[in-house]
Amino acid sequence: MQPIVRHAHTGDVVAMQQLINGFASKDEMLSRSLSQLYENLRDFFVVEFDNEICGCAALHVTWKDLAEVKSLAVAQSAQGKGYGRMLVQRCLQEAKVVRVDKVFALTYKPEFFVKLGFRICDRAELPRKVWTECVHCPKFYDCHEIAVITEVPS
95 MQPIVRHAHT GDVVAMQQLI NGFASKDEML SRSLSQLYEN LRDFFVVEFD
145 NEICGCAALH VTWKDLAEVK SLAVAQSAQG KGYGRMLVQR CLQEAKVVRV
195 DKVFALTYKP EFFVKLGFRI CDRAELPRKV WTECVHCPKF YDCHEIAVIT
245 EVPS
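Sequential numbering of the sequence shown, starting at 95, is according to my numbering.
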């Protein structure tokens, strides 16, 4: 059986939250409430293997020409199988569909994104609109996430 990357649906949300909040509890990403996940469900993709959700990621459009890869999480037991790469590639395909020119991420693992064609950038390159969620984050004044960005191929 092959892993499937597909749009998330409501039945995936609890598994997605467990994945995301598992990493958040280790201070590796931001936690997400069930409410946040349901409200943003159309942004999310999941990797399903053997009827189990093994990973998730969202592409959130922030402006006319810019979107963010958010909440990328792959189960510990499924890491090293290319699921994270598959999710990011699916987000980039979706960016092309909605005609976004650039995709960025804020990450503690910039090397992962660099392998996928992103470049590390100064946060100042990103528009102020990007920081809407950041200002509400408890880590706002002591954030160590690295900004990465890529152009979406035409």
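Yeah, the Cβ is synthetic: ideal placement off N, Cα and C, and Gly gets one too.
Serine 165 sits in a strand when the DSSP states are folded into three classes.
Across the set Leu220, Glu146, Ile114 and Gly105, the C-alpha of Glu146 shows the shortest separation from the C-alpha of methionine 95.
In this structure, the CA atom of aspartate 216 is about 8 Å from the CA atom of valine 242. Listed as beta-bridge partners of leucine 160 by DSSP are Trp157 and Lys196. Judged by pairs of C-beta atoms under 8 Å, the segment 145-163 touches the segment 190-199, as three or more such pairs exist. Relative to the Cα of lysine 190, the nearest Cα in the group Tyr202, Ser171 and Glu162 belongs to Glu162. Between the alpha carbons of leucine 181 and phenylalanine 143 lies a gap of roughly 13 Å.
In this structure, alanine 118 sits near serine 125, with a CB-CB distance shorter than 8 Å. Note on geometry: alpha-carbon atoms of glycine 176 and glutamine 112 lie some 20 Å from one another.
In the three-state DSSP reduction, alanine 102 falls in the coil class, being neither helix nor strand. DSSP places phenylalanine 212 outside both helix and strand once states are collapsed to three, so it counts as coil.
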